[in-house]
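What follows is a set of notes on a single structure, which appears directly below.
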Amino acid sequence: MSTPESVMKLSGTETHEPAVGRVAPHSAHAGDQPGRNYLNADYNLWSWLFTTDHKRVGILYLISITLFFFLGGAAAVLFRLELMTPRGDLVKAESYNKLFTMHGIIMVFFFLIPAVPAVLGNFLVPLMVGARDLAFPKLNLASWYIYIIGGVFTIVAVLTGGVDTGWTFYTPYSSTYGNTNVLAAAVGVFVVGFSSILTAVNIIATVHTMRAPGLSWFRLPLFIWAHYATSLVILLGTPVLAITVILVGVERAFRVGIFDPALGGDPILFQHLFWFYSHPAVYIMVLPAMGVVSEIISCFARRRVFGYKFIAFASLAIAVLGFLVWGHHMFVTGQSMYAGLVFSFLSMLVAIPSAIKVFNWTATLFKGSVLWNTAMLYALGFIGLFTMGGLTGLFLATIAVDVHVHDTYFIVAHFHYIMVGGSVMGYLGGIHYWWPKMTGRMYPEGWGRVAAILIFFGFNLTFFPQFVLGYLGMPRRVHDYVPEFQILNVMSSAGASILGIGYLLPLGYLIWSLRYGKPAGANPWDATGLEWQTDSPPPTHNFHEQPVVLTDAYLYEPWEPPAQGHLPQTPPQAHEPAVVGSEGQR
Amino acid sequence: MHSHRAAYFTTFAALMVLLGVTVWAAHIHLGEWAAAVALLIAAVKTVLIGVIFMHLGSESALIRLFATAGFLWLAIMLAITLSDYETRSLTPDVVPVSSAPAEPTPGH
Amino acid sequence: MTNPHTPAMAHHATSAKNPLAIQFDNLEQQRFAASLGMWSFLATEILFFGGAFLGYAVYRNWYPHAWAEASRQLDLTWGTINTAVLLGSSLTMALAVDEARQGKSRGIAFFLMLTMVFGTAFLGIKAYEYWHKWHEHLIPGTSFVWSNPATIGPAQLFFSFYFVLTGCHAVHMIIGMALLLIMWFKARRGDYTAEWHAAVENMGLYWHFVDCVWVFLFPLLYLVDRA
Amino acid sequence: MSTDFSFFPEAASTIAPRVDAVYLFILGITVFFTLLIAGLILSFGIHYRRGSKASRENPPTSIWLEITWSVIPLIIVIGMFFWGADVFVDMRTMPAGAMEIEIVGKQLMWKVQHPSGRAEINTLHVPTGQPVKLRMISEDVIHSYYIPAFRLKQDVLPGYYTDFWFEATKPGDYHLFCAEYCGTEHSLMRGTVTVMDPDEFARWSAQESRTLPVEAGKELFERFRCGSCHKGAGAGPGPALAGVYGSLVPLKGGGAVVANEQYLRDSILDPPKQVVAGFEPLMPSFKTLLSEAEVLQLIAYLKSLSVAE
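Written as structure tokens, this is what we have:
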């Protein structure tokens, strides 16, 4: 067991004893010989494909999610090239429609929703709460297999002709008039929903029942709060998407009119059911990234997060309010005016918790000692771009403006600012911040910063012109547009190529670092948090000795250990009271 | 651990009685209250099954919260969506042409 | 520091004699996690069926008369018997869990078998009802035959929701029956002890939930307006 | 239609400047807060960068700071809501006596029917200074009739009428887009909206002497011999149609409904759906015999019956 890092790896302020004590409960694992960790514990394929180690499932997810990210990205590059010219000349209309649908489905269901929770969440939640594994390891592996099965269905649907309904599958086009593989894609989306449900069940059970002694709720890292709130949203939202996809599938397969107006059905009912899940889904995508940013900001500003409780409760508020606002996607369909006004008001309220978070993160930098390394660049980039994304959401919540900009590129720009500017930057920041912990190797800092800056500017050049295009009235999902929109589209396409290169860089140097990266110690950033109190890469069961948490999270100021014996008052949920020092009384 | 067998049998009997009641209630003319009554009886049966058969009575508050959260969110979904359907015909459009007030429309 | 767990191999099998999984500290924590996990899953099931109930509520609100007319086509006697059968299976499942709490393996197996019998009876009656609908040309789509032209559209909507709701419920029943069969073998093998029987308890939660879904489905589909 | 590049769309309807005002207000808020946050991040980040000599004792943790940046954004967004709602209610309140144009959306095509009898495909000619109400329906999937210069769009649904109104202010040609993805040719479902002065519009309307929709409706009414059942004052098996439009129709099995266009359309295409009290559902469905455009003409005729009384 390596002794806690006493000397600060990086230049800067005073050293201190990390806020974690040691106790050896009867269930410690002397079996983990030094030098054995979860990566070299076993090399054959069997041990990877049938692992129940949450860290290995996280790595499996990392690989499959990266594949889908570049698949969706390739579709994006293709139709960005198409949009360089007003005439639809690079690809036919059908293939353009299939490309943007593939981009939508793959990016939403196979990258953004699983990315942070399934990769970083799976890997870190047990480590951060001081547990040896997730509550249901076999379910965790099943979640990855379900994800792969869903992925296979979707890729088969794409390869055998593609889907051209858009990722929203609006009826009656998807159920009656469209003639592409809607059914196969619908099954793919239906199946992959269960993957995130299982991840959510795992995270909820782990956070509630397996916290380390002394780790009360308000000592949890905000990463855990964010993932807990996300898991609640996944639990309460995803099944509605499942039944919606079944209803569309039944209507399409058996020629039965569930949403068919000819039989008295209502196509807007589909939109209600679809958006009841799909709006909370955008919070599933961004909340975990917020959790990552809270960790990074606090670590590299060497400051306790400003307003810890406010950020924690803001995550829960977003999770709850997120379920009340879906109607703002339907202001201009046949939805009633009064319902529109109600949804507009509620959509305004949901902006407040996000605003609170942004202000708190910014305040955390005040009087801190800020280190501008790669992870921090991504985190600060997240805050800037997420602020723009959130504020442009106010245009869409204001019902009068939404009537004009609905289904235009203004909307495309808004959600890309939140999804790409927010979630993807947060995801990349998290990957870089915990890369040493996951692989035991340091990534090349210089290249990391270059990629982060390149992505930031490539992103802005891609999506800022789309705000202007949107207000000018360019509709979404068109491969052939009126000539005066061309200049802005060319700018956007130029930005897209820079962004594409920006994303390839991390792929390159991170893989390179697996072999040639500097070995990273247990705590290269000298961060607080239980995941940094074990080796990098961690042993199969995470901790050599069960850690005990003595104080609040993110304690970067100087700190003296409390008098011996006076320790955690609020034992975690299901444990007997864990009083340290009295051996064996567990 | 002693057996709760007696409690289960009485609960089962209560459920069968409620089944009879709900069938009987459907045969009397309740008008639009029929749906409400049927749902109420079903809710009572569900609570019975939940508290006794599913041991919610003896579970911790957290699990009871998770048990009710699902129904709460379902209620949110139903309430807001049905409010849209109820108010859809109330758009403040003009009173139809034939009985439009005879005031001169601007701009003519 | 010796510890009851075998050296930290990734795969660590729990068994009847040593049910404590490696990631848990004690059996109470493991049981609580299993129960919380099951209830989280049941919350997703509530909203899964809830989505279909939303569609049902909208269309019943729009076409009350058509849906009452369509609902009268369903066979009420078989529906009532089916509900009673399912409540019965809920009782036997609860008794199975009760036996598990007392560690009586033979009792668990007996009541699990009884639950499966009731479940099979339910699915049998349901299959008969489906055949009856097919026979009466009440399956929505091109082959739908309906006496009153006024309500042929909404009637098809009713039967679409009838088949989606009862179909999803039946699929949940079939999955439940498969799990019961596996559990029956394990119970006979003595895998469940008074100290550790979370699997039986979770199976009970799942089965009672599927029963609760039918408790709502029965009045909403069969008893729209029999006055 | 200005084909040269501009950053801001033209405003050619009475509602457009009001929408632009709300847009610019929110734009101001967005720019202010974005610069505020970015500025704070950069200044804190640089001033307190690691190794800098800035003083770092007693960092503030005041509850008041939290309250301010919760309440102030709340007030701002509530303000946005009310301003937006005010403009939206005016958008959705159809002015009395507006000129009613009927639009039928079909994949790749907008068929327009003017009360003056003129019909158009993918174009729309409207006069300035007069409220125009578009009643729209789709024959297949959901489309969305979108005129950026008017800042207005409304989805066009199959089976249900949707409508929106505008009052054009600036003569000229403006883009017309389909904003809801509707299949392969979604991007080509475009057209032009031509705004003309009232007199020029009158001349345009009179140019081609097409049959008025009311006359076309009357011709359809006679061709399908609707009068054989719908005799005057309920003499026949069908209810009397004179004066039915806009009246409160009691329904068989209780309840009543205002006989608006939707009710008339449903009663033509799906007669037994809402049968009038005191009558039997004998009327056959005309769903396969009439196109949406013909239904609109019949409804125009029925409305003329009520005005004539």
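Residue numbers (the numbering used here), protein chains in the order written: chain P, 20 to 605; chain A, 11 to 118; chain C, -18 to 208; chain B, 658 to 966. Note that beta-carbon positions come from the ideal geometry of N, C-alpha and C, so glycine has one too. Just so it is clear, the structure is predicted and the values come from calculations on it, not from any experiment.
Which term fits W163 (chain P), buried or exposed, when burial requires 16 or more other beta carbons within 10 angstroms of its beta carbon? Position 144 of the first sequence, counted from the start, is the residue given in the question as residue 163 (chain P). So W163 (chain P) ends up on the buried side.
(Q) Need the endpoints of the beta strand (DSSP E) that P130 (chain C) sits in, please. (A) Looking up residue 130 (chain C) in the third sequence gives position 149. Segment: none, P130 (chain C) is in no beta strand (DSSP E) and carries neither H nor E.
- When you compare only the Cα positions, how much space is there between K875 (chain B) and L959 (chain B)? In the fourth sequence, residue 875 (chain B) corresponds to position 218, counting from 1. In the fourth sequence, residue 959 (chain B) corresponds to position 302, counting from 1. When only Cα atoms are considered, K875 (chain B) and L959 (chain B) end up about 8 Å apart.
DSSP state of F821 (chain B), grouped into three classes? Counted from its first residue, the fourth sequence places residue 821 (chain B) at position 164. Three-state result, F821 (chain B): strand.
> Quick one: is A49 (chain P) near chain A, going by C-beta distance under 8 Å?
Replying inline: What you label residue 49 (chain P) is simply residue 30 of the first sequence in a count that begins at 1. Residue placement at A49 (chain P) is flagged as unreliable, the pLDDT there being 41, under the threshold of 50; a coordinate-derived value is accordingly withheld.
Open item on the list: I'd like the ranges of any beta strand (DSSP E) spanning at least 3 consecutive residues and lying wholly in the stretch 873 to 947 of chain B.
Closed with: 905 to 907 and 913 to 915
Out of P:Y428, P:T411, P:Y462 and P:L518, state which residue places its alpha-carbon closest to the alpha-carbon of I472 (chain P). One-based indexing of the first sequence puts residue 472 (chain P) at position 453. Minimum Cα distance to I472 (chain P) is reached at P:L518.
- prompt: From G762 (chain B) to L118 (chain P), what distance separates their C-alpha atoms?
  reply: Position 105 of the fourth sequence, counting from 1, holds the residue named residue 762 (chain B). Position 99 of the first sequence, counting from 1, holds the residue named residue 118 (chain P). G762 (chain B) and L118 (chain P) have their alpha carbons spaced roughly 26 Å apart.
| field | Short CB-CB distance (under 8 Å) between E949 (chain B) and chain P | value | Position 292 of the fourth sequence, counted from the start, is the residue given in the question as residue 949 (chain B). No, its Cβ sits nowhere closer than 8 Å to a Cβ of chain P.
### Minimum Cβ-Cβ distance from I90 (chain A) to chain P less than 8 Å
If you number the second sequence from 1, residue 90 (chain A) lands on position 80. With 8 Å as the cut-off, I90 (chain A) counts as an interface residue toward chain P.
Discussion item. Check whether chain A comes within 8 Å of Y189 (chain P), counting only Cβ atoms and requiring the distance to be less than that.
Written reply: Residue numbering aside, residue 189 (chain P) sits at position 170 when the first sequence is read from its first letter. Chain A, which has no Cβ nearer than 8 Å to the Cβ of Y189 (chain P), makes this no.
Exercise. Going by Cα to Cα distance, which pick from A:K55, A:V33 and A:A48 is closest to A23 (chain A)?
Worked result: For the purposes of this step, residue 23 (chain A) is taken as the residue at position 13 of the second sequence. Between A23 (chain A) and the set A:K55, A:V33 and A:A48, the nearest pair of CA atoms involves A:K55.
Nearest neighbour of G171 (chain C), chosen from C:I89, C:F190 and C:D192 [CA to CA] = Translated into the one-based positions of the third sequence, residue 171 (chain C) becomes position 190. Nearest C-alpha to G171 (chain C): C:I89.
Can a CB atom of chain P be found closer than 8 Å to the CB of A79 (chain A)? Reading the second sequence from its first residue, position 69 is the one you call residue 79 (chain A). Taking CB atoms only, A79 (chain A) has a neighbour in chain P less than 8 Å away.
Next item on the list: Anything in chain C within Cβ reach of W83 (chain A), meaning under 7 Å, just list it in chain order.
Entry: The residue you call residue 83 (chain A) lines up with position 73 of the second sequence. L28, listed in chain order.
Problem - Through-space distance from T841 (chain B) to V497 (chain P), alpha-carbon basis - result: Here residue 497 (chain P) refers to the residue found at position 478 when the first sequence is read from its first residue. Here residue 841 (chain B) refers to the residue found at position 184 when the fourth sequence is read from its first residue. Near 10 Å, if we compare the C-alpha coordinates of T841 (chain B) and V497 (chain P).
Quiz item: Closest by CA to S124 (chain C), which one among C:A24, C:Y109 and C:F140?
Solution: Counting from 1 along the third sequence, the entry for residue 124 (chain C) is found at position 143. When only C-alpha atoms are compared, the closest one is C:F140.
(Q) Please identify the residue among P:Y80, P:G107 and P:T225 whose C-alpha is closest to the C-alpha of F155 (chain P). (A) The sequence position of residue 155 (chain P) within the first sequence is 136, counting from 1. Looking at the Cα atoms, P:T225 is the closest of the given residues.
E182 (chain C), DSSP secondary structure in three states: Your numbering for residue 182 (chain C) matches position 201 in the third sequence. Reduced to three states, the DSSP call for E182 (chain C) is helix.
Q.
I'd like to check one pair, V98 (chain C) with V181 (chain C): are the Cβ atoms closer than 8 Å?
A. Numbered from its first residue, the third sequence carries residue 181 (chain C) at position 200. Numbered from its first residue, the third sequence carries residue 98 (chain C) at position 117. Their beta carbons are not under 8 Å apart, which means V181 (chain C) does not touch V98 (chain C) by this criterion.
For Y44 (chain C), go through chain P and note every residue whose CB falls closer than 9 Å to its CB, in chain order. Taking the first residue of the third sequence as position 1, residue 44 (chain C) is located at position 63. Neighbours of Y44 (chain C) on chain P, chain order: G283.
With 8 Å as the threshold, decide whether the Cβ of P130 (chain C) is near any Cβ in chain P.
In the third sequence, residue 130 (chain C) corresponds to position 149, counting from 1. No, its Cβ sits nowhere closer than 8 Å to a Cβ of chain P.
*When the distance is taken between beta carbons, is L845 (chain B) closer than 8 Å to L765 (chain B)?*
Your numbering for residue 765 (chain B) matches position 108 in the fourth sequence. Your numbering for residue 845 (chain B) matches position 188 in the fourth sequence. Yes, the pair counts as a contact, with Cβ atoms nearer than the cut-off.
| said: Out of B:A695, B:S948 and B:I698, which one is the CA nearest neighbour of L877 (chain B)? | reply: Taking the fourth sequence and counting its residues from 1, one reaches residue 877 (chain B) at position 220. The shortest C-alpha separation from L877 (chain B) is found at B:S948.
Practice item. Can you have a look at L202 (chain C) and say buried or exposed, based on whether 16 or more other CB atoms are within 10 angstroms of its CB? Key: As a working note, residue 202 (chain C) is residue 221 in the third sequence. So L202 (chain C) counts as buried.
| query | DSSP on L198 (chain C), reduced to helix/strand/coil? | reply | Here residue 198 (chain C) refers to the residue found at position 217 of the third sequence. It is helical.
Notebook entry, point to check: Using CA coordinates, which residue listed in P:A272, P:L81, P:F378 and P:L335 is at the minimum distance from F130 (chain P)?
Noted result: For the purposes of this step, residue 130 (chain P) is taken as the residue at position 111 of the first sequence. Here the closest residue by C-alpha is P:L81.
Which one or two residues does DSSP pair with W767 (chain B) in a beta bridge?
The count along the fourth sequence starts at 1 and reaches residue 767 (chain B) at position 110. For W767 (chain B), which the question treats as bridged, DSSP gives the partners B:G762.
Requested in this report: Return no unless some Cβ of chain B is closer than 8 Å to the Cβ of W544 (chain P).
Outcome: Counting from 1 along the first sequence, the entry for residue 544 (chain P) is found at position 525. Under the Cβ distance rule, W544 (chain P) does not count among the residues neighbouring chain B, no pair being separated by less than 8 Å.
Taking only the alpha-carbon atoms, compute the straight-line gap between T173 (chain P) and T190 (chain P) and give it to the nearest angstrom. In the first sequence, the residue the question calls residue 173 (chain P) occupies position 154. In the first sequence, the residue the question calls residue 190 (chain P) occupies position 171. Going from the Cα of T173 (chain P) to the Cα of T190 (chain P) covers about 19 Å.
Check: Are the C-beta atoms of E966 (chain B) and some chain C residue less than 8 Å apart?
Finding: Position 309 of the fourth sequence, counting from 1, holds the residue named residue 966 (chain B). Its pLDDT being 43, under 50, E966 (chain B) is placed unreliably in this model, and the coordinates cannot settle the point.
Scan the stretch 25 to 38 of chain A for residues whose Cβ lies nearer than 7 Å to a Cβ of chain C and list them as they occur along the chain.
L25, M26, L29, T32, V33, A36, H37 and I38
TODO: Under 8 Å between beta-carbons, which chain A residues line up against G353 (chain P)? List them in chain order, please.
DONE: Here residue 353 (chain P) refers to the residue found at position 334 when the first sequence is read from its first residue. Near G353 (chain P) (Cβ distances below 8 Å), the residues of chain A are R98.
Margin query: At the 8 Å Cβ level, is M64 (chain A) part of the contact set with chain P, yes or no?
Written below: What you label residue 64 (chain A) is simply residue 54 of the second sequence in a count that begins at 1. No, its Cβ sits nowhere closer than 8 Å to a Cβ of chain P.
Q) At a Cβ threshold of 8 Å, is G910 (chain B) touching chain C? A) Along the fourth sequence, read from residue 1 onward, the residue named residue 910 (chain B) stands at position 253. Answer yes: the Cβ-Cβ gap between G910 (chain B) and chain C drops below 8 Å somewhere.
Determine which residues of the stretch 285 to 302 of chain P have a Cβ less than 9 Å from any Cβ of chain A, and write them out in chain order. D285, I287, L288, H291, L292 and F295
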